[in-house]
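Worksheet for the structure shown next.
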Amino acid sequence: MSESEIMGESELNDSGNRPVRLRYAPSPTGPQHIGGLRSALFGWLFARRHGGQFILRIEDTDQKRSVPGSMDMIYESLDWLGIDIDEGPREGGEYGPYIQSQRLELYQTSARQLLERGHAYKCFATAAELAEMRKAGRGYDRRYRDLPGDDADRLEAEGRQFVIRFKMPLSGKTHGEDLIRGRVEFDNAGLQDAVLLKSDGFPTYHLAHIVDDHHMRVSHITRAVEWLPSFPLHIQVWRALGWEMPRFAHLPVLLNPNGKGKLSKRKQQFAGADGKAVPVLAHEFMEAGYLPEAVRNFLSNIGWNYGDDQETFSTADAIQRFDLSAVNPANSAYPIAKLDWLNSQYIAQVSETRLAGLLRPVLEEAGYAVDERRLRRVVPLLRVRLKSLRDVVPMAGFFFADWGGFRAPTTDILIQRKMDAVKTAQVLKGAIPILEALDDFAPDSQHETMRNYAKASGFKNGQVFGTLRAAVTGQKASPPTFESMDILGQAESIRRLKLALASLATKET
RNA sequence: GGCCCCUUCGUCUAGCGGCCUAGGAUGCCACCCUUUCAAGGUGGAGACACGGGUUCGAGUCCCGUAGGGGCUACCA
């Protein structure tokens, strides 16, 4: 690399000479939300783009909200999405531990330092006092900010609980640089003295993330735009601690599909075009049968784009081009319909071996005994027909339902448009012996024979073919009929046709 | 309410003052192909929120209005 390129790049990410290090810092509050994963992905993309490190840190400073098993879920989501971690609770690393509840001393030390330097103070306000202030107007009124030291000592000696609050400048402006939006400015007068250390000795996010990001040498922070309002607070704390700040990028949030409100995991009433519930949690993407590479492509296409009017691109290519300053600052409605399309594109490209491996468990979970040889023959017919792995069940389950498991379709499926029970039975009755007598059961042979049969019998091709399809697959939509019958085998196909015919006979009487 | 951020087709977006009679994708609708459903092909409807400026020239810069979103906890 030439010297000018090196300079250009350092200007681009504007991190001085610091190595690029980003982190994903979720709270262990349960299943991972797709919004959080997107933040992780953007940070990871940036880290990989610049050959830096990507760190996982668990922010469990709120014991009340901590949910057991969350860390496993976080790792499961990240592993599935293909976001690899360089340092974290599982990987270890030189700046650990990577779980905040194991770093309490660090926060307390910094809090004490802030206290000593006059940047913070002990606040003895009780819950009742706080509630009253909130009711009266705009939050905490700084009543303990200028409490004489003696009084504070006395209250503490009395055993009164206290928190440590940051002394926010009372006037002036705080401005910061956001990689996505540029300069942002805030009036200090409108800001509060945030709690840094809670009465239980645990830090709040405001203190903890700063202490950790400093000690962990984090160079760039990607976080949701929800944090923008507290950005000035963080800037002031960084300054008070005397540490060099990382660069910040406040990522736009995902809105509900209708554009109203933040995408929530609670309100899953939103349905896609096909009426399916919209996936929001990481495991829902896995369960719904989306491919991780499709989800990566999908996620990185919201608020950022590859360029060249190119919608599908590999993660490796995205890494080559990703840039935080190119991220769109506007929030986006969750374009879930596009994921179905992208996923179908990816499924159509996956190797048949891999696709078979992905489909097998889905089928088995649905209760089908999956014959490997048959599965391998079915897969080629499926690739352009699946929007998600799940679709294999309604689309191709019938392939694995022989030997007594197959039931004749109901008449509303069996009887084609402009047909009735009598005509349908007639078609079946005529076709069965012909198919039974076929020496060559290959699709082309069947096709030709049935075309001739249609011609001879006076039915339209569609009427004959459609009836056969319904009888053999039990479905209105299916892979190609003759290919399907070929895979099913002559005997099983004939058996199903007879089953259908018999079901009609019963109906007629 | 206060503070902050945002605003191009229904949706995701391209556009960083003239290349825009605004491009792509998705979704939708036609048609073609066709053994259904898909896939694929072709075509169609569909947007610069509004009002002021700045400028020879504004989707692109500035201000205002409106709308949307976020924050406003000893949660993150």
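Under my numbering, the residues of the first sequence are numbered 42 to 550, in order.
Built from N, CA and C at the ideal position, the CB exists for glycine as well.
{"Asked": "According to DSSP, simplified to helix, strand and coil, what is residue 216?", "Found": "strand"}
{"Asked": "To the nearest angstrom, how far is it from the Cα of residue 263 to the Cα of residue 451?", "Found": "55 Å"}
{"Asked": "Pull up the distance between the alpha-carbon of residue 123 and that of residue 486, whole angstroms please.", "Found": "46 Å"}
{"Asked": "Would you tell me roughly how many angstroms separate the C-alpha atoms of residue 109 and residue 98, rounded to the nearest one?", "Found": "16 Å"}
{"Asked": "So does the region 295-305 actually touch the region 392-400, counting three or more Cβ pairs closer than 8 Å?", "Found": "no"}
{"Asked": "Nearest-angstrom Cα distance between residue 240 and residue 91?", "Found": "41 Å"}
{"Asked": "Tell me whether residue 56 is buried or exposed, calling it buried when 16 or more other Cβ atoms sit within 10 Å of its Cβ.", "Found": "Since pLDDT at residue 56 reaches only 48, below the 50 mark, its modelled position is unreliable, and no value is offered."}
{"Asked": "How many Å lie between residue 477 and residue 532 at the Cα?", "Found": "8 Å"}
{"Asked": "What residues are listed by DSSP as bridge partners for residue 94?", "Found": "62"}
{"Asked": "Just checking my contact of residue 529 with residue 473 at CB under 8 Å: how many whole Å lie between their CB atoms?", "Found": "Actually they are not in contact, since the Cβ atoms of residue 529 and residue 473 sit about 14 Å apart, beyond 8 Å."}
{"Asked": "If we count Cβ pairs, one from each stretch, closer than 8 Å, do we get three or more for the region 130-147 versus the region 241-261?", "Found": "yes"}
{"Asked": "For residue 373, which of helix, strand or coil comes out of DSSP?", "Found": "strand"}
{"Asked": "Do the CB positions of residue 366 and residue 59 come within less than 8 Å of each other?", "Found": "no"}
{"Asked": "In terms of residue numbering, what span does the alpha helix (DSSP H) encompassing residue 468 cover?", "Found": "462-478"}
{"Asked": "Using the Cβ count rule (16 or more neighbours within 10 Å means buried), how would you classify residue 425?", "Found": "exposed"}
{"Asked": "Compute the beta-carbon to beta-carbon distance between residue 331 and residue 429, rounded to the nearest angstrom, for a pair I have assumed lies under 8 Å.", "Found": "6 Å"}
{"Asked": "Check for me: the alpha helix (DSSP H) holding residue 272 runs from which residue to which?", "Found": "272-282"}
{"Asked": "May I ask you to report which of helix, strand or coil DSSP gives residue 52?", "Found": "The predicted model places residue 52 with a pLDDT of 36, which falls under 50 and marks its position as unreliable; any figure quoted below should be read in that light. Helix at residue 52."}
{"Asked": "So, are the CB atoms of residue 296 and residue 306 less than 8 Å apart?", "Found": "no"}
{"Asked": "Determine the contact status of residue 162 and residue 171, defining contact as a CB-CB distance below 8 Å.", "Found": "no"}
{"Asked": "Just to check my reading of the structure: residue 100 and residue 66 have Cβ atoms closer than 8 Å, yes? What is that Cβ distance to the nearest angstrom?", "Found": "5 Å"}
{"Asked": "Can you list, in chain order, the residues of its chain whose CB lies under 7 Å from that of residue 405, leaving out five sequence neighbours each side?", "Found": "411"}
{"Asked": "Take the Cβ of residue 198 as the centre, count every other Cβ of all protein chains shown within 10 Å, and call the residue buried at 16 or more, exposed below.", "Found": "exposed"}
{"Asked": "Tell me which same chain residues have a C-beta within less than 8 Å of the C-beta of residue 292, skipping the five on either side of it?", "Found": "79, 80, 83, 221, 263, 264, 265, 266, 344 and 368"}
{"Asked": "Determine whether the beta carbon atoms of residue 112 and residue 138 lie at a separation below 8 Å.", "Found": "no"}
{"Asked": "How long is the line joining the alpha carbons of residue 423 and residue 114, rounded to whole angstroms?", "Found": "31 Å"}
{"Asked": "Are the Cβ atoms of residue 278 and residue 207 separated by less than 8 Å?", "Found": "yes"}
{"Asked": "Indicate whether residue 232 and residue 269 have their beta-carbon atoms separated by less than 8 Å.", "Found": "no"}
{"Asked": "Tell me whether residue 185 counts as near the ligand MN, meaning its Cβ is closer than 7 Å to at least one heavy atom of that ligand.", "Found": "Here there are no bound small molecules, and the ligand MN is not part of this structure."}
{"Asked": "Give the straight-line distance between the Cα atoms of residue 515 and residue 534, rounded to the nearest whole angstrom.", "Found": "12 Å"}
{"Asked": "Can you tell me the Cα-Cα spacing of residue 17 and residue 471, whole angstroms?", "Found": "The structure shown has nothing for residue 17, since the chain only spans 42 to 550."}
{"Asked": "Taking the DSSP output, what are the residues bridged to residue 236?", "Found": "206"}
{"Asked": "Could you tell me the distance, in whole angstroms, from the CA atom of residue 184 to the CA atom of residue 342?", "Found": "48 Å"}
{"Asked": "Could you give the distance in angstroms between the alpha-carbon of residue 542 and the alpha-carbon of residue 469?", "Found": "6 Å"}
{"Asked": "Could you tell me the alpha carbon to alpha carbon distance between residue 421 and residue 525, rounded to whole angstroms?", "Found": "11 Å"}
{"Asked": "Assuming residue 546 and residue 449 are in contact, meaning their beta carbons sit under 8 Å apart, how far apart are those beta carbons, in whole angstroms?", "Found": "Not quite, the Cβ-Cβ distance comes to about 11 Å (not below 8 Å), so this is no contact."}
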